[in-house]
Amino acid sequence: MRVFLFIVLLAIGCTATIKQEPESLPIVGTWKLIRGTLIEKGDTVVTDYTKDRSFIKMINATHFSFITHDLNQGKDSAASFGAGAGKYSLKGDQYTEQLEYCNAREWEGHDFSFTVTIRQDTLVQRGVEKIENAGIDRLNIEEYVRVK
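So for the sequence shown, our numbering puts the first residue at 728; every next one is plus one.
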């Protein structure tokens with residue numbers, strides 16, 4: 728009986744799925760946005776985040792957050808600040824943010840799905856942002872580099 732129980736437990740152990748530790752997921756970390764591209768109603772706007780503004784995204788095992796602001800300490804007409812956070816899910820290359828907190832309150836409570844690719848220290852996320860009651864329906868492509 729003991730041998731049978733041992734064999735059953737061994738078989739279960741060998742067929743169990745190995746759960747990947749969150750820290751080993753390639754998306755976990757701090758990312759600096761270098762370029763953002765918005766395509767809406769045929770218009771394309773490309774923003775260089777290496778000059779007049781800064782944007783970082785932090786991702787841990789279960790949550791993400793982002794913060795952006797101008798680099799002139801809010802002292803001119805380009806003054807800006809934005810922040811948001813929430814939970815996310817990642818299945819293969821499908822990354823979905825559930826935005827729970829945002830300074831643009833009409834964005835709260837919405838899910839945004841993106842396809843992500845990670846090559847070396849570069850993350851690209853691409854997906855449609857749509858909020859019907861705010862008239863938002865656009866393709867968003869963001870290119871990040873990992874902060875070391």
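Even glycine gets a Cβ: it sits at the ideal position worked out from N, Cα and C.
Distance, residue j Cα to residue i Cα
i           : j           : result
residue 807 : residue 831 : 12 Å
residue 858 : residue 847 : 33 Å
residue 823 : residue 816 : 5 Å
residue 819 : residue 839 : 16 Å
residue 749 : residue 784 : Note that residue 749 has pLDDT 45, beneath the 50 cutoff, so the model's placement of it is unreliable and the number below is only indicative. About 17 Å.
residue 875 : residue 757 : 8 Å
residue 793 : residue 837 : 15 Å
Close-in-space but distant-in-sequence residues of the same chain around residue i (CB under 8 Å, 5 per side omitted)
i           : result
residue 775 : 761, 762
residue 849 : 870, 871, 872, 873
Where residue i falls, given that 16 or more other Cβ within 10 Å makes a residue buried
i           : result
residue 800 : exposed
residue 811 : buried
residue 866 : exposed
Whole-Å CB distance - residue i paired with residue j, under 8 Å assumed
i           : j           : result
residue 809 : residue 828 : In fact, because the Cβ distance is near 11 Å, the residues do not count as touching under 8 Å.
residue 771 : residue 782 : About 19 Å; that fails the 8 Å criterion.
Of the listed residues the options, nearest to residue i (C-alpha basis)
i           : options            : result
residue 767 : 872, 818, 868      : 868
residue 797 : 780, 772, 855      : 780
residue 805 : 787, 862, 755, 778 : 778
7 Å Cβ shell around residue i - same chain, five flanking residues per side excluded
i           : result
residue 853 : 841, 842, 868
Cβ neighbours of residue i in the same chain (closer than 6 Å, five flanking residues each side left out)
i           : result
residue 851 : 844, 870
residue 773 : 764
residue 860 : none
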